[in-house]
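Student:
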Amino acid sequence: GAVVSQHPSWVICKSGTSVKIECRSLDFQATTMFWYRQFPKQSLMLMATSNEGSKATYEQGVEKDKFLINHASLTLSTLTVTSAHPEDSSFYICSASGGAKEKLFFGSGTQLSVL
Amino acid sequence: GQQVMQIPQYQHVQEGEDFTTYCNSSTTLSNIQWYKQRPGGHPVFLIQLVKSGEVKKQKRLTFQFGEAKKNSSLHITATQTTDVGTYFCAGRAAGNKLTFGGGTRVLVKP
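See the structure below:
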């Protein structure tokens, strides 16, 4: 099946710094990728839809200047958490849609801890 | 906006027993998908249901889409320890994005 690679798997950073997370579709082209945030034992909260070659579409309540999304190619989307704060600590996971069933293939996720 | 709710939130099952988790949408869906997320892992696609009243089976898992296309269920028979994880349903209304339910966290008692 299709593979989505997400990097890094975990990151620890100081408050005020920025962190970039990469999401790559390894064996298919993804014009659309999705970024989610997941708190422990909770569901996936869609943050934004990343569209190749255009601006991302953010969900209500998600700060676009805080969570910068760039989808520069058909296989790569990046999420940059700018000026990170401890409350940004969370599990961030990306997905891409592939195939006729529009099923989502998820990356392995990034656990972000902001000190 | 569209809401997708799952019950129960937690399911403690004795190994070998059956259980069912339910998914309900506030709006009529064009299709519904189910995903499984193992502890510490990422969600993995299980199945998609499209037709009203559709029933699909995957070994011990039976998925059903309601006649009104607003609810779905996942029934697991003879639960095994490998069934541990969180099962998410995700509904798509016409032209809209997938909306995930809150998930059912399954724990299996050996």
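For the protein sequence lines, the chains are X and Z, in the order given. Take the first sequence: its letters are residues 2 to 116, numbered as in this note's numbering. Take the second sequence: its letters are residues 3 to 112, numbered as in this note's numbering. Every residue gets a Cβ at the ideal spot worked out from N, C-alpha and C, and that includes glycine.
Using only alpha-carbon positions, find the residue among Z/77, Z/67, Z/10, Z/21 that is nearest to residue 30 of chain Z.
Tutor: Nearest of Z/77, Z/67, Z/10, Z/21 to residue 30 of chain Z, Cα basis: Z/67.
Student: I need the DSSP call for residue 76 of chain X, collapsed to helix, strand or coil.
Tutor: Here residue 76 of chain X sits in coil by DSSP.
Student: Within its chain, find whatever has a CB closer than 8 angstroms to the CB of residue 111 of chain Z; leave out the 5 residues flanking it on each side and keep chain order.
Tutor: Closer than 8 angstroms at Cβ, skipping near neighbours: 14, 15, 16, 17.
Student: Which residues of chain Z have a Cβ atom closer than 7 angstroms to the Cβ of residue 62 of chain X, listed in chain order?
Tutor: In chain order: nothing, as chain Z lies at least about 12 angstroms away.
Student: Any idea if residue 93 of chain Z is buried or exposed, counting beta-carbon neighbours within 10 angstroms, 16 or more meaning buried?
Tutor: Per the 10 Å Cβ criterion, buried.
Student: According to DSSP, simplified to helix, strand and coil, what is residue 81 of chain Z?
Tutor: If DSSP states are grouped into helix, strand and coil, residue 81 of chain Z belongs with coil.
Student: Over what stretch of residues does the beta strand (DSSP E) that includes residue 62 of chain Z continue unbroken?
Tutor: From DSSP, residue 62 of chain Z is part of no beta strand (DSSP E); its letter is neither H nor E.
Student: Compute the distance between the beta-carbons of residue 72 of chain Z and residue 33 of chain Z, then report whether it is under 8 angstroms.
Tutor: No, these two residues do not count as a Cβ contact at 8 angstroms.
Student: Do you know whose CA, among Z/65, Z/98, Z/61, lies nearest residue 90 of chain Z's CA?
Tutor: Closest by alpha carbon: Z/65.
Student: Tell me the DSSP bridge mates of residue 8 of chain X?
Tutor: Looking at the DSSP assignment, residue 8 of chain X forms a beta bridge with X/23.
Student: Between the segment 103 to 116 of chain X and chain Z, which residues of the former have CB atoms less than 9 angstroms from a CB of the latter, in chain order?
Tutor: Going along the segment 103 to 116 of chain X in chain order, one finds 103, 104, 105, 106, 107, 108, 109, 110 with a Cβ nearer than 9 angstroms to chain Z.
Student: When you compare the segment 77 to 86 of chain Z with the segment 30 to 40 of chain X, are there three or more beta-carbon pairs, one atom per stretch, that lie closer than 8 angstroms?
Tutor: No, because fewer than three Cβ pairs between the segment 77 to 86 of chain Z and the segment 30 to 40 of chain X fall closer than 8 angstroms, the two stretches do not touch.
Student: Pick from Z/47, Z/104, Z/43: whose alpha carbon is nearest that of residue 8 of chain Z?
Tutor: Ranking the options by Cα distance to residue 8 of chain Z, first place goes to Z/104.
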